[in-house]
Amino acid sequence: MSFKITAGEKVAIVGKVGSGKTTVTKLLLGLYKPSKGAVFIDGIDVRQIDPADLRQAMGVVLQEVWLMGGTVRQNIALGTEHPTDEEILRAAHIAGVEDFIKQHPEGYGLRLGERGEGLSGGQRQAVSIARALVSRPNLIIFDEATSAMDAGAETLLIQRLKENLNHATFVTITHKGALMQLVDRLIVIDQGKVVAQLS
Numbered sequence: 015m016s017f018k019i020t021a022g023e024k025v026a027i028v029g030k031v032g033s034g035k036t037t038v039t040k041l042l043l044g045l046y047k048p049s050k051g052a053v054f055i056d057g058i059d060v061r062q063i064d065p066a067d068l069r070q071a072m073g074v075v076l077q078e079v080w081l082m083g084g085t086v087r088q089n090i091a092l093g094t095e096h097p098t099d100e101e102i103l104r105a106a107h108i109a110g111v112e113d114f115i116k117q118h119p120e121g122y123g124l125r126l127g128e129r130g131e132g133l134s135g136g137q138r139q140a141v142s143i144a145r146a147l148v149s150r151p152n153l154i155i156f157d158e159a160t161s162a163m164d165a166g167a168e169t170l171l172i173q174r175l176k177e178n179l180n181h182a183t184f185v186t187i188t189h190k191g192a193l194m195q196l197v198d199r200l201i202v203i204d205q206g207k208v209v210a211q212l213s
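According to the numbering used here, the sequence shown is numbered sequentially starting from 15.
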């Protein structure tokens, strides 16, 4: 498999279940090492970059949302060094956290149980998206990031992302047609190979 994504480009990687989409995400994150070839980001082999530095430079939302016991604010701030309230509120607005948290008396101080207990699946995804956006990363990767969201929340998210992705490189792996509104190009993969690239 070989493809190139230009800085600032918005791309969707699509394919059938088991085609290798999530493996691509894990290769980008340095979680998997390629058995042949290499993954380059800004011309540097990702194996030469400290995994912690690599992940800190990206905004990533994986299929399995991981939240910790603690407040909503703490969960959004996790992974970013000393984010300001303004940065947290901006990310929460884009992701749609603001839409449900403003109705709760504890607001961003709402305490969650382990794995985000106390929120619905879609709300947990919104918190995870806010966390990915809070540091304004140059590379944003979504892997089925809206799978548990209802249509209304997803529509608002897409609208806000259109206004805020700006020059960031955006890669989404999705089965949902709605997120295609955000991309310039589709990369279609099947059985671990690129079978089409559509603009």
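Glycine included, C-beta positions come from ideal geometry on N, C-alpha and C.
All figures in this text were calculated on a predicted structure; none of them were measured in a lab.
Legend entry - Whole alpha helix (DSSP H) elements within the segment 136-195, 4-residue minimum: Segments of the alpha helix (DSSP H) lying fully in the segment 136-195: 165-178.
Inset, instruction - Kindly indicate the opening and closing residues of the alpha helix (DSSP H) around residue 88. - result: For residue 88, the enclosing alpha helix (DSSP H) stretches over residues 86-91.
Inset, instruction - Between the Cα of residue 162 and those of 17, 89, 188, 58, spot the shortest distance and give me the residue it belongs to. - result: If we check each option's Cα against that of residue 162, 188 comes out closest.
Inset, instruction - Could you tell me whether the segment 150-162 touches the segment 175-195, where touching means 3 or more Cβ pairs closer than 8 Å? - result: The way I'd put it, the segment 150-162 does touch the segment 175-195; three or more beta-carbon pairs between them come closer than 8 Å.
Legend entry - Burial state of residue 207 (16 or more Cβ within 10 Å): By the neighbour-count rule (16 or more Cβ atoms within 10 Å), residue 207 is not buried but exposed.
Legend entry - Cβ-Cβ distance between residue 49 and residue 203 below 7 Å: Going by beta carbons, residue 49 and residue 203 fall outside the 7 Å limit.
Legend entry - Run of the beta strand (DSSP E) containing residue 200, from where it starts to where it stops: Start and end: 199-204.
Legend entry - Contact under 7 Å by Cβ, residue 112 with residue 105: Not in contact: residue 112 and residue 105 (Cβ atoms no closer than 7 Å).
Inset, instruction - Compare the C-alpha of residue 82 against each of 118, 124, 175 and name the closest. - result: The shortest Cα separation from residue 82 among 118, 124, 175 belongs to 124.
Legend entry - Assumed close pair residue 61, residue 47 - CB separation to whole angstroms, cut-off 8 Å: Contact flag correct, Cβ pair sits at about 7 Å.
Inset, instruction - Look up residue 58 in the DSSP assignment and give the residues it is bridged to. - result: Beta-bridge pairing links residue 58 to 55.
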